[in-house]
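Working notes, structure below.
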Amino acid sequence: MYGSWYTKRLSDSRRGRVYRVTVEQGDQMKRSGTRAKEGATQRSASPLQLDLARQILARLLDEGFTVDQRVPEQTIARALGVSRTPVRAALRLLAEQGVLRTEAERGFLVAQTIEGIDADGLIPRSPDQRVYEAMLSDRADGRIGVEVSEAEMMPRYNASRGVIRKVFIRLAAEGLAQRQRGHGWSFSDTLDSDQSLAESYRFRMAIECAALRQPGYQLDPDRILKLRRAHDAVLRNGRPSVDGVEWFAVNATFHETIVSGSQNRFFVQAVHQQNNLRRIQEYAGYPSLASDRIVQSCTEHIAILDALEAQDYPWAETLLSRHLQLALRYAQSGSDTAVEGAAD
48 MYGSWYTKRL SDSRRGRVYR VTVEQGDQMK RSGTRAKEGA TQRSASPLQL
98 DLARQILARL LDEGFTVDQR VPEQTIARAL GVSRTPVRAA LRLLAEQGVL
148 RTEAERGFLV AQTIEGIDAD GLIPRSPDQR VYEAMLSDRA DGRIGVEVSE
198 AEMMPRYNAS RGVIRKVFIR LAAEGLAQRQ RGHGWSFSDT LDSDQSLAES
248 YRFRMAIECA ALRQPGYQLD PDRILKLRRA HDAVLRNGRP SVDGVEWFAV
298 NATFHETIVS GSQNRFFVQA VHQQNNLRRI QEYAGYPSLA SDRIVQSCTE
348 HIAILDALEA QDYPWAETLL SRHLQLALRY AQSGSDTAVE GAAD
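Residue numbers for the sequence shown, in the working numbering: 48 to 391.
Put into structure tokens, the structure is as follows:
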């Protein structure tokens with residue numbers, strides 16, 4: 048009746064005006080308003096909420112959540128080591144972005160297919176996370192020294208002292224930095240030489256393979272399934288969807304999880320420490336890592352999972368030993384960057 052035109056009254060505090068607007072312009076106005084609302088929501092979210100939202104999204108993908116499946120708030124809070132309050136706020140953020148929806152009596156449910164969601168486009172990294180990643184990359188490439196101060200880092204990363212301090216506290220908790228007695232911080236030793244890299248690999252071969260020989264070794268089938276789904280997602284999505292941080296998380300979680308089946312906390316602590324030592328170089332080396340190395344590493348990991356699922360632990364140990372030997376060989380040959388880890 049009105050063709051492509053309709054009349055819309057827009058409020059004006061000084062005088063009422065009637066504007067003639069096309070349907071297309073009206074739709075554009077609605078979309079712009081929605082984007083503005085989403086942007087305001089993300090800006091009002093705390094760094095913790097942003098980080099939790101990204102972790103929850105990754106967890107939903109890794110665990111294969113499907114549309115209409117309920118998202119257990121308490122279980123997620125326990126897994127992430129936080130209270131339900133920040134988790135609930137993060138879930139609301141995901142609901143505002145259309146990933147989740149809410150139902151009376153049921154709580155939060157998955158609203159759309161999780162696979163293929165661009166986490167960076169949906170939930171921006173928090174200021175803390177951005178500084179953390181940039182600082183590790185700069186340290187790996189030698190752009191910042193071993194000893195630094197918070198005052199030096201503030202202008203470099205355009206961040207407040209509070210953000211810089213949070214990042215260093217996190218690095219200290221991960222064994223990557225320590226506060227100096229006077230002032231400032233110093234980065235821990237890393238695998239920044241051929242010798243230290245070889246020593247790390249040989250140590251890991253000894254510890255990780257020995258873990259599979261421990262009496263009563265057992266890995267829960269659900270944990271094997273989670274690892275398998277995470278690797279399938281890497282193979283399916285590849286670059287640029289999977290960045291260095293995400294790949295390192297998949298890689299490190301794989302090695303720590305299979306060692307955890309030994310039921311020996313000291314084995315797990317040793318592997319966790321090794322993962323922290325190689326984290327800095329691996330973040331920096333990921334951009335130049337060949338895609339086929341990532342595929343090969345995932346394929347080798349999945350073969351080890353197959354053996355563990357069949358409870359063929361001697362074969363799993365053989366595959367794991369070969370996997371680490373090949374990774375060391377690649378690193379020493381210079382086929383990849385100075386680090387193997389991005390592809391072990």
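We put the CB at the ideal spot given by N, CA and C, even for glycine. Quick caveat, the model's predicted, so the values are computed rather than measured.
Lys213 is the residue among Ser309, Lys213, Thr237 whose C-alpha sits nearest the C-alpha of Val178.
Inter-residue distance for Ser207 and Met182 is about 14 Å (C-alpha atoms, whole angstroms).
Short of 7 Å from the beta carbon of Gln96, and not among the five residues preceding or following it, lie these beta carbons of its own chain, in chain order: Pro133, Ala136, Ala137, Leu140.
In this structure, the straight-line span from the alpha carbon of Leu127 to that of Arg101 is close to 12 Å. In chain order, His278, Phe301 place their CB closer than 7 Å to the CB of His348, counting only its own chain and leaving out the 5 sequence neighbours on each side. A buried status is given to His370, since no fewer than 16 other beta-carbon atoms sit within 10 Å of its beta-carbon. According to DSSP, Ser233 shares a beta bridge with Glu194, Gln225. Each residue's CA atom was taken as its position, placing Asp188 and Tyr248 some 21 Å apart. In terms of Cβ geometry, Asn284 and Glu221 do not form a close pair [threshold 9 Å].
By the Cβ neighbour-count rule, Arg228 is exposed, with fewer than 16 other Cβ atoms within 10 Å of its own. Distances from the CA of Met252 to each of Lys273, Leu375, Arg270 were compared; the closest alpha carbon is that of Leu375. Note that the C-beta distance between Gly308 and Gln265 is below 9 Å. With a cutoff of 9 Å on beta-carbon distance, Gln159 and Val114 are scored as near each other. Less than 9 Å separates the beta-carbon of Gly231 from that of Ser196. Residue burial annotation: Thr346 is exposed, with fewer than 16 other C-beta atoms found within 10 angstroms of its C-beta. Relative to Trp294, the option among Asp109, Phe313, Gln320, Ala198 whose CA is nearest is Asp109. Short of 7 Å from the beta carbon of Cys256, and not among the five residues preceding or following it, lie these beta carbons of its own chain, in chain order: Glu364, Leu367, Ser368. Counting along the chain, the unbroken beta strand (DSSP E) around Glu150 starts and ends at 147-150.
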